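> Per the numbering used here, the sequence shown starts with residue 80, numbered consecutively.
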Amino acid sequence: MVSTLNKVLFSSVASAVVSTSVLAADIVKIDGSSTVYPITEAVAEEFQKETGIKVTVGVSGTGGGFKKFCRGETVISNASRPIKAKEIAKCNEAGISFIEVPVAFDALTVVINKNNDWAKELTPAELKKAWGPDAQGKISNWNQIREGFPDQPLKLYGPGADSGTFDYFTEAIIEKSKSIRGDFTASEDDNVLVQGVAGDKGGMGYFGLAYYVENKDKINSVKIQNKDGKFINPSLETVMDGSYNPLSRPLFIYLNATKAAFDPKVKKFVEFFLNNAGKLSQEVGYVPFSKTEYEAINNHYKSLKTGTAFKDGPAIGLSVEEILKKATD
Numbered sequence: 080m081v082s083t084l085n086k087v088l089f090s091s092v093a094s095a096v097v098s099t100s101v102l103a104a105d106i107v108k109i110d111g112s113s114t115v116y117p118i119t120e121a122v123a124e125e126f127q128k129e130t131g132i133k134v135t136v137g138v139s140g141t142g143g144g145f146k147k148f149c150r151g152e153t154v155i156s157n158a159s160r161p162i163k164a165k166e167i168a169k170c171n172e173a174g175i176s177f178i179e180v181p182v183a184f185d186a187l188t189v190v191i192n193k194n195n196d197w198a199k200e201l202t203p204a205e206l207k208k209a210w211g212p213d214a215q216g217k218i219s220n221w222n223q224i225r226e227g228f229p230d231q232p233l234k235l236y237g238p239g240a241d242s243g244t245f246d247y248f249t250e251a252i253i254e255k256s257k258s259i260r261g262d263f264t265a266s267e268d269d270n271v272l273v274q275g276v277a278g279d280k281g282g283m284g285y286f287g288l289a290y291y292v293e294n295k296d297k298i299n300s301v302k303i304q305n306k307d308g309k310f311i312n313p314s315l316e317t318v319m320d321g322s323y324n325p326l327s328r329p330l331f332i333y334l335n336a337t338k339a340a341f342d343p344k345v346k347k348f349v350e351f352f353l354n355n356a357g358k359l360s361q362e363v364g365y366v367p368f369s370k371t372e373y374e375a376i377n378n379h380y381k382s383l384k385t386g387t388a389f390k391d392g393p394a395i396g397l398s399v400e401e402i403l404k405k406a407t408d
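Printed below as a string of structure tokens:
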């Protein structure tokens, strides 16, 4: 349950000290998820052209971004999953309150090499068989995933442990957070994963939809079996109608609450972000909310309610409507 900013902003001297140091910055500093990066970078470029205010956008993964955010090093954190309890505790220790803002929807996309003509469809159980911790040192060939698949070495490419995409995938597919085999090529840079799969006939990886859309000439997406037993391709339409599950998920920005309330640069940037998130998120390959839904999100931001609506985890399997209701109530 969220609480109002007024209840927490002036609760301690420590909070005031942190906010003063952040307010001293001449630029809007952002870091975090590589998945959310394309949206935020697109917004930042347009914002800088219009206002002249400098915005820096780093990529250290959702977890890495929260570490910086909760140390007061950034004012906005990109996240491809909700903030975790231990991260909230770190923010609390530093006197930093936050506002949670959903900005778009994503289809976590499983990808294969262009020359892979056998794995156009996979089930969650087959993904678990390939990626689960029990597969380490045992599942090393495609013919071990499904009878009839060829004798082709399996090479896996995925986000590192600081990635929110990593967290979501392990919870949705392995059904246990951060539980995964350790013998795969890991990187917080999704472009590295694209290159790995594109250069390896037996390669398989996963990342946000935008990176697939940007690189669909180099790699193919895989249809994933949903809860109704149908094999569905990730797309704007299948995310919006709820048929692409369980790998659809919301994307967030987290705002330093003091900055969001009192720093005119940050306020202007967030307002610009929410006014342009729909158009720009779709341009870079993600799934926008509707105009009405962005109005609800904007009202949520303006209410300055702090805290997370996702204390029970990443909300796997919820629809767009359910996510928004939960986040903005």
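Heads up, the beta-carbon is just placed ideally off N, CA and C, and yes, glycines get one too. Predicted model only: the values in this text are computed from it and were never measured.
1) Would you mind reading off the limits of the alpha helix (DSSP H) that contains Y116?
2) Got a sec, what are the start and stop residues for the beta strand (DSSP E) F187 sits in?
3) Taking G142 as the reference, which of E129, W210 and S242 has the closest Cα?
4) Can you tell me where the beta strand (DSSP E) with K381 in it begins and where it stops?
5) Mind checking which residues open and close the beta strand (DSSP E) that includes V107?
6) Give every residue of the same chain whose Cβ lies closer than 8 Å to the Cβ of S100, excluding the five residues on either side of it in the sequence, and list them in chain order.
7) Whole-angstrom Cβ separation of L44 and Y236, contact assumed at under 8 Å?
8) Mind checking which residues open and close the beta strand (DSSP E) that includes K295?
9) Excluding the 5 residues preceding and the 5 following Q231 in the sequence, name in chain order all residues of the same chain whose CB lies nearer than 7 Å to its CB.
10) Could you check whether F228 and T114 sit closer than 8 Å to each other, using their CB atoms as the reference points?
11) How is N220 classed by DSSP in three states: helix, strand or coil?
12) V273 lies in the beta strand (DSSP E); which residues open and close that run?
13) In terms of residue numbering, what span does the alpha helix (DSSP H) encompassing G143 cover?
14) Is Q215 helix, strand or coil when you go by DSSP?
15) Just the Cα atoms here: how many angstroms apart are Y373 and S159?
16) In three-state DSSP terms, what is S256?
17) What residue range does the alpha helix (DSSP H) around I167 cover?
18) Can you tell me where the beta strand (DSSP E) with T135 in it begins and where it stops?
19) Run through the DSSP bridge pairs and tell me what M319 is partnered with.
20) Report the option in Y380, I376 and K306 whose CA atom is closest to the CA atom of E400.
21) Starting from G357 and walking both ways along the alpha helix (DSSP H), at which residues does that stretch end?
22) Tell me whether the segment 186–198 and the segment 309–323 touch, counting them as touching only if at least three CB pairs, one residue from each stretch, are closer than 8 Å.
Reading it off the structure:
1) It spans Y116 to T130 - the alpha helix (DSSP H) in which Y116 sits, taken as one unbroken run.
2) The question names Phe, but residue 187 is Leu in the sequence shown. Neither: L187 is in no beta strand (DSSP E) and is coded neither H nor E.
3) Across the set E129, W210 and S242, the C-alpha of S242 shows the shortest separation from the C-alpha of G142.
4) Segment K370 to K381 is the alpha helix (DSSP H) holding K381; no beta strand (DSSP E) there.
5) V107 to G111
6) Note that S100 has pLDDT 40, beneath the 50 cutoff, so the model's placement of it is unreliable and no number is given.
7) Beyond the ends of the chain as shown, which are 80 and 408, falls residue 44; an answer cannot be given.
8) Here K295 belongs to no beta strand (DSSP E), and DSSP marks it neither H nor E.
9) N220, W221, K280 and G281
10) no
11) strand
12) Segment D269 to A277 is the alpha helix (DSSP H) holding V273; no beta strand (DSSP E) there.
13) G140 to F148 is the span of the alpha helix (DSSP H), which, as asked, contains G143.
14) Of the three classes helix, strand and coil, the one that applies to Q215 here is coil, per DSSP.
15) 18 Å
16) If DSSP states are grouped into helix, strand and coil, S256 belongs with coil.
17) For I167, the enclosing alpha helix (DSSP H) has its first and last residue at A164 to E172.
18) V134 to V136
19) Checking the DSSP bridge columns, you'll see M319 has no partner listed.
20) Distances from the alpha-carbon of E400 to those of Y380, I376 and K306 put I376 closest.
21) P343 to E362
22) yes
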